[in-house]
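Numbering (our numbering), first residue to last: 23 to 271.
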């Protein structure tokens, strides 16, 4: 057997397996995911309630829908606020503003399913950005709820604020193209990538070793053909006749 090509192939197999696993891990790791950031609203600073937070790492090329989730007390004070503004500002770590958006918001009474059991909480989802591509992976978010005038310019002129139990900012990943498929099915994509890399690499190594294997078998075939050629034996040779010369008398 061709020992040298087989030894080279046996030595390359662990390397190919290791590189295939690295390829699958890289594909799995490179898939984008959605994110959720909890907000701690600050009150009593002379401005509408606000929160600042560092967003989890995100894809710089994939689109996201950014939504603010609010859980509020189901109170008349919140319902009577009417319309107010929800603002979002995204900035880099160097305090460079990437985008800023403001959306009108209103708290509505939740549906009461039982007549004698009114709901204690109201939930509000505020879509802020749609199909947003950040262009960077790390951002700082600033959220502000309410009115700049604190409702002092309307009614009796008494300042009011939105009461919030909990708040969170969510980035919903939009799956598009090949990157979207990888992000939606990370394990399957990583497995397919690792298998394709291994098959391609193995075929390439085998293609380079094929001439050596072919040469070995050609040499073996040539040697066997030479050994099968019959060698004439001295016994099989016919004796030569001696020509006798007649002497003339």
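Even glycine gets a Cβ: it sits at the ideal position worked out from N, Cα and C.
Owing to the predicted nature of the structure, the values given are computational and were not obtained by experimental measurement.
Query raised in the report: For the beta strand (DSSP E) that residue 126 lies in, which residues bound it at each end?
Result: DSSP places residue 126 in the uninterrupted beta strand (DSSP E) bounded by 119–127.
Query raised in the report: Can you pull the DSSP bridge partners for residue 154?
Result: DSSP lists 86 as partners of residue 154.
Report task. State buried or exposed for residue 183, treating a residue as buried only when at least 16 other CB atoms are found within 10 Å of its CB. Result -> The residue is buried, with at least 16 neighbouring Cβ atoms inside 10 Å.
Query - residue 159 - DSSP class collapsed to helix/strand/coil - result: The DSSP-derived three-state label of residue 159 is coil.
Query raised in the report: Near residue 164, which residues of its chain fall below 6 Å by C-beta distance, leaving aside the five closest residues on each side in sequence?
Result: So the qualifying residues of the chain are 74, 111.
Report task. Assuming residue 91 and residue 192 form a contact by the criterion Cβ under 8 Å, report the distance between their Cβ atoms to the nearest whole angstrom. Result -> Separation of the CB atoms of residue 91 and residue 192 is rounded to 6 Å, and the pair is thereby assigned contact status at 8 Å.
Report task. Scan the segment 168–214 and note each continuous beta strand (DSSP E) run of 3 residues or more that stays entirely inside, going in chain order. Result -> The beta strand (DSSP E) runs of length 3 or more contained entirely in the segment 168–214 are, from start to end of the chain, 188–195.
Query raised in the report: With burial defined as no fewer than 16 other Cβ atoms inside 10 Å of the residue's Cβ, what is the status of residue 218: buried or exposed?
Result: When all chains shown are included, residue 218 counts as exposed.
**Report entry** Beta-carbon contacts of residue 128 that lie in its chain and below 6 Å, excluding the five residues immediately before and after
**Finding:** Excluding positions up to five away in sequence, the list reads 105.
Query raised in the report: Between which two residues does the beta strand (DSSP E) carrying residue 106 extend?
Result: Counting along the chain, the unbroken beta strand (DSSP E) around residue 106 starts and ends at 106–113.
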